[in-house]
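Under our numbering, the letters of the sequence shown match residues 1296 to 1811, in that order. We put the beta carbon where it would ideally sit given N, CA and C, even for glycine. Quick caveat, the model's predicted, so the values are computed rather than measured. Note sheet for the following structure.
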Amino acid sequence: MYIYNSNNDNFTPLHVTLPSPLLHVGDQRVGVSMVYLVVRPKKDQTAEERIDELSQGAIFDRLRQVDANFTDRIQPLEGDLCLPDLGLDRKSLDILEENIEIVIHAGADVRFDETLAAAVQVNIRGTRDILDMAVRMKKLEVFVYVSTAYSNCPRREVEEKFYDPPMDPYKMIELVAKVERGEVSEDVLMTLTPKIIKPWPNTYSYTKALSEDMVKDYGERLPIAVVRPSIVIATHSDPFPGWSENVYGLNGILVACSLGLLRALHLRSDYVGDVIPADFVSNSVLAVAWLTTKEKSDKVEAEAEKKHPFKTKIYNCTSSADNPITWGLVNDSMYKIYECYPPKRGLWINCFTYTRYKFLYTLNVIFYHVLPSMFLDFIFILGGKKLRLLPVYRKIQKFTEALSYFTTNEWLFFNYNMRHLYKSLSAEDYDYFPCDVKKMIWLEYIHDYGKGMRRHIGKETLDTLPEGRKRMFRITILHNIIKTFFYLFWASAIYFILVFYRFIEPIDFTAMLTRN
1296 MYIYNSNNDN
1306 FTPLHVTLPS
1316 PLLHVGDQRV
1326 GVSMVYLVVR
1336 PKKDQTAEER
1346 IDELSQGAIF
1356 DRLRQVDANF
1366 TDRIQPLEGD
1376 LCLPDLGLDR
1386 KSLDILEENI
1396 EIVIHAGADV
1406 RFDETLAAAV
1416 QVNIRGTRDI
1426 LDMAVRMKKL
1436 EVFVYVSTAY
1446 SNCPRREVEE
1456 KFYDPPMDPY
1466 KMIELVAKVE
1476 RGEVSEDVLM
1486 TLTPKIIKPW
1496 PNTYSYTKAL
1506 SEDMVKDYGE
1516 RLPIAVVRPS
1526 IVIATHSDPF
1536 PGWSENVYGL
1546 NGILVACSLG
1556 LLRALHLRSD
1566 YVGDVIPADF
1576 VSNSVLAVAW
1586 LTTKEKSDKV
1596 EAEAEKKHPF
1606 KTKIYNCTSS
1616 ADNPITWGLV
1626 NDSMYKIYEC
1636 YPPKRGLWIN
1646 CFTYTRYKFL
1656 YTLNVIFYHV
1666 LPSMFLDFIF
1676 ILGGKKLRLL
1686 PVYRKIQKFT
1696 EALSYFTTNE
1706 WLFFNYNMRH
1716 LYKSLSAEDY
1726 DYFPCDVKKM
1736 IWLEYIHDYG
1746 KGMRRHIGKE
1756 TLDTLPEGRK
1766 RMFRITILHN
1776 IIKTFFYLFW
1786 ASAIYFILVF
1796 YRFIEPIDFT
1806 AMLTRN
C-alpha cells in the first residue's frame, strides 16, 4: 500500500506518528521514512529506553530479520497525554509541526475503573491538545483517531456516524480544570461520577463518547477519520498467529481461566461477543489513512466541480455484522484448548462456570472464589507463608464485574464504510493488509489464540507441555477427590437437617446390611 503525497506527483513514504501496536505493520509494510512516537517515561525508564525494550519484543522478530536497523526510523519523543501539549518541549513540537503528514492517535486511558478526572485528562483534554497540534502541522495529510465501538454503548445498534454527546466535552474539560485548581473537590466529583456517566458503564467509554464529539468539531478544519475497534484480542496472523502481550479485557479473563484462578463468569452464552484481532485493527487503521488521503485529494476536484465536499468518516472495525461469534462458543472452544495445552504453572484445573443470572453468579463467586481463597489463606497463615489469595480474588472480582456489562449485553455494529474500504483496496493490498473479518475461521483462530497466550503471555514454549500435562493430571485427581468430599459433606448435611426436622425418616443402615 502507498500513501499519496499531494505535494508531488509520486507515491512516497510519509512521516507518520504511530502508537506501539501499529509499529510492526507500519514499519515493515508501509515503508515509512520516519516514525515519531510520543512516549510517556516511567520512573526507571526514559522514552528511549522504553522504545529499545519494545523493539526487542517477539513481535519485531520478523522485521529484525528483514532490517536489523529498523529502529533508526523510530524517533521517540518524551511526552504525556495528561500534560498540556502532551508535555512536549518546543523542539519536539517544532519537529512535529514541520514534518508530520499522518497522525494516528490511539493513546488512551483504557482502565474501566479510572477516576473521571484522570480519564478526562487523557482521553478528552489529551485528544484536544493533539488536535490543536495537528492544526499547526504544515504537511498534514490525514488524522486518524482510534476510538472504541463502545463509545455509544447505551445504544444496541451503532451506525458509522456521530451521535449527540452526553455532555459538552469542553465543559467537562473545564470542570476537571476546576478540580485541579481546587475550586471543586475531587471527592465530590468522584461521588457524582456514577450519576454523570449514567447510562455509560465506565469512564473510559463515556470519555470516548465526548472525545468523538470534539473530533467531529475539528473535522471542519482537518482531514479526519475515526476508527472504532470493538474488543481487541490477539493477532490473527501478523506477525504470527495468537500474539499478545497484555492481560487487558478478554485476554485477562482467558489467562485467569487457563490458570484455574477464574471459576465464575457472568455472561450470556447465546449473545454475540464482538471481538477483533489486533492485526486487523492495525491494518484497518493504515488502510483508513490511505483511503482518507485519497478521498481528500478527490475533494479538491469535487470542490472545483461544486460536488459534495470531503467529510469525516467513521469506520466500525467490528465482527458482529459480518462474522459473529457467541460468548458460549468462545468459552467452550477455549476450554478444549486449555485441555490440550495446559500451563505448567496452573494453580487449578480449568473448570469455570458461567450463567446469565446475577444471583447465581453471586453464589458461584462465593463458593468458587471467596470460600476457597479464605480457606487457603488460613492454611497459608498457619504455615507461615505470606501468599494471600483473597486480595487477588478481590481484584479479579472487580475486573470481571467491569467486563460483565459487555458479556451480558449484545450490540450490532453496522460497518458499511469498512466494507467500502475493503472494496477500495487493490487485490494485492487486500491480501497484504488483511482486515476483512469475513475471511476468518473462528475455531482455527481460537486454537491459535489459546496457544499464543500460553506462549507470549505465559512465556511457556511447547517444550514445557509434558510438564504442564503432568501437573494438570495431578491437580485433576486432587480436584476430583475434593469435589467428592464436598458433595458428600453437603449431602450429609442436608440429610441430617431433613431428619432433624422430621421431613424424612432416618435410614436404618444396620437393617439394610442385615438384609443384604
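As the crow flies, the alpha-carbon of Gly1544 is around 27 angstroms from that of Val1471. Under the DSSP assignment, Ile1492 falls in the alpha helix (DSSP H) whose first and last residues are 1481 to 1492.
Beta-bridge partners assigned by DSSP to Lys1337: Gln1340. Distances from the CA of Tyr1499 to each of Gly1747, Phe1784, Ala1697 were compared; the closest alpha carbon is that of Ala1697. In the three-state DSSP reduction, Cys1635 falls in the helix class (H, G or I). The way I'd put it, the region 1743 to 1756 doesn't touch the region 1606 to 1620; fewer than three beta-carbon pairs between them come closer than 8 angstroms.
In terms of Cβ geometry, Val1583 and Leu1716 form a close pair [threshold 8 angstroms]. For the 8 angstroms CB-CB criterion, Lys1456 and Ile1609 form a contact. The Cβ-Cβ distance between Leu1372 and Leu1383 falls below 8 angstroms. Take Arg1764, set aside five residues on each side of it, and the residues of its chain with a beta-carbon closer than 8 angstroms to its own are Pro1637, in chain order. The region 1559 to 1571 makes contact with the region 1642 to 1661; the number of CB pairs closer than 8 angstroms reaches 3 or more.
Counting only runs that start and end inside the region 1390 to 1430, the beta strand (DSSP E) elements of at least 3 residues fall at 1397 to 1400. Under the Cβ criterion (8 angstroms, minimum of three pairs), the region 1578 to 1592 does not count as touching the region 1676 to 1683. Assignment of Asn1611 by DSSP, reduced to helix, strand and coil, places it in the strand class. Taking Ile1691 as the centre and dropping the five residues before and after it, the same chain places the C-beta of Ala1551, Leu1556, Leu1557, His1664 closer than 8 angstroms to its C-beta, in chain order.
Taking 8 angstroms as the cut-off, the Cβ atoms of Arg1523 and Thr1607 do not count as close. By the C-beta criterion, the region 1391 to 1404 is judged not to be in contact with the region 1346 to 1356, since fewer than 3 inter-stretch pairs fall below 8 angstroms. Glu1436 and Ile1390 have their C-alpha atoms some 16 angstroms from each other. No Cβ-Cβ contact shorter than 8 angstroms links Ser1539 with Cys1730. Between the beta-carbon of Ile1526 and that of Val1570 there is about 5 angstroms, and that keeps the pair under the 8 angstroms contact cut.
Judged by their CB atoms, Gly1641 and Ile1736 are not nearer to each other than the 8 angstroms cut-off. DSSP places Val1660 inside the alpha helix (DSSP H), whose first and last residues are 1653 to 1660. For the options Leu1671, Ser1446, Ile1492, the alpha carbon positioned closest to that of Leu1684 is the one of Leu1671. Per the C-alpha coordinates, the member of Ala1429, Ala1413, Thr1410, Val1417 positioned closest to Ile1399 is Ala1429. For the region 1496 to 1533, the continuous beta strand (DSSP E) assignments of 3+ residues that do not extend past its boundaries occur at 1519 to 1524, 1526 to 1528, in sequence order. Cα atoms of Lys1473 and Lys1466: separation of roughly 11 angstroms, rounded to the nearest angstrom. Apart from the 5 residues on each side of it in sequence, Thr1488 sits with its Cβ closer than 6 angstroms to the Cβ of Leu1411 in its chain, given in chain order.
Between Thr1366 and Glu1348, the alpha-carbon positions lie close to 11 angstroms from each other. Going by C-alpha positions, Ala1573 is about 25 angstroms away from Lys1511.
Cβ neighbours of Tyr1440 within its own chain (closer than 6 angstroms, five residues either side excluded): His1400, Val1510, Val1521. Within the DSSP secondary-structure output, Phe1438 pairs in a beta bridge with Val1398, Ile1519. Between Leu1381 and Glu1507, the alpha-carbon positions lie close to 19 angstroms from each other.
Between the alpha carbons of Ile1528 and Val1417 lies a distance of about 23 angstroms. In the three-state reduction of the DSSP assignment, Glu1723 falls in the helix class. If you look at His1561, you'll find it in the beta strand (DSSP E) that goes 1559 to 1561. If you check the CB distance, Pro1379 and Asp1427 do not come in under 8 angstroms.
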